[in-house]
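Residue numbers (the working numbering): 405 to 604.
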């Protein structure tokens, strides 16, 4: 099949994310993504054969964006406490960008229940997040069980994120940020400002 001109996989992924954000997961199809991107169905099918392929690309995009922002924070301030706070705040829908990523993640997680391929990627993403938080907690030296505390901290951030997205009239962003900060204050007292060790 010849490659369609002027339309990249990245362009189509952006169109897919717009469909998820504006219309929800049920509206996602090869046809709706083609319409949103202003291209033919064949162009979309060249890059993505199935709906699961589309969702994989969108979820990978969301994970990559969160990871990039977390790495940028770590480079600016190497303290473990700062890194953990910034990483978990990236999971909250505090602006349009993060809300879009969370909507994609919500759609993806619902679909992954029925798709082994999506379940595998979801599991990889969660493991990577858990390992990152666990590692930073070990470096901070404030937890007697970094793995347990990492699971709890992620669960707090995830729960706040879903409530902010699904029940915005019941939970404000200020309340969610305060709740996450309160949990992390108990987990990361002031001595967690130890410098993170250089990678490698």
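Yeah, the Cβ is synthetic: ideal placement off N, Cα and C, and Gly gets one too.
Mark residue i as exposed unless 16 or more other C-beta atoms lie within 10 angstroms of its C-beta, in which case mark it buried.
i, result
"residue 529", "buried"
"residue 500", "exposed"
"residue 596", "Residue placement at residue 596 cannot be trusted, given a pLDDT of 42 that sits under 50; what the coordinates show is reported in the next sentence. Buried, since its Cβ has 16 or more Cβ neighbours within 10 Å."
"residue 531", "exposed"
"residue 514", "exposed"
"residue 553", "buried"
"residue 517", "exposed"
"residue 590", "exposed"
"residue 414", "exposed"
Closer than 7 Å by C-beta to residue i: which residues in its own chain qualify, once you throw out the five before and the five after it? Chain order, please.
i, result
"residue 506", "497, 565, 569"
"residue 425", "504, 507"
"residue 430", "none"
"residue 445", "434, 435, 438"
"residue 409", "Note that residue 409 scores 47 on pLDDT, short of 50, meaning its location in the model is unreliable and no value can be drawn from it."
"residue 466", "505, 508, 509"
At which residues does the alpha helix (DSSP H) containing residue i begin and terminate?
i, result
"residue 418", "413-427"
"residue 520", "520-544"
"residue 484", "484-493"
"residue 511", "500-516"
"residue 433", "From DSSP, residue 433 is part of no alpha helix (DSSP H); its letter is neither H nor E."
"residue 468", "455-480"
"residue 605", "No answer is possible for residue 605: it lies beyond the span of the chain, which begins at 405 and ends at 604."
Might you give, ordered along the chain, the residues of its own chain that have their beta carbon closer than 8 Å to the beta carbon of residue i, omitting 5 neighbours on each side?
i, result
"residue 521", "456, 460"
"residue 427", "436"
Can you give me the Cβ contacts of residue i inside the same chain, cut-off strictly under 6 Å, excluding the 5 residues immediately before and after it?
i, result
"residue 511", "424, 429"
"residue 478", "487"
"residue 567", "575"
"residue 452", "458"
"residue 588", "489"
Between residue i and residue j, how many whole angstroms is the CB-CB distance? I'm expecting something under 8 Å.
i, j, result
"residue 364", "residue 493", "Here the chain comprises residues numbered 405 to 604, so residue 364 is not present and cannot be evaluated."
"residue 462", "residue 440", "Actually they are not in contact, since the Cβ atoms of residue 462 and residue 440 sit about 12 Å apart, beyond 8 Å."
"residue 484", "residue 543", "5 Å"
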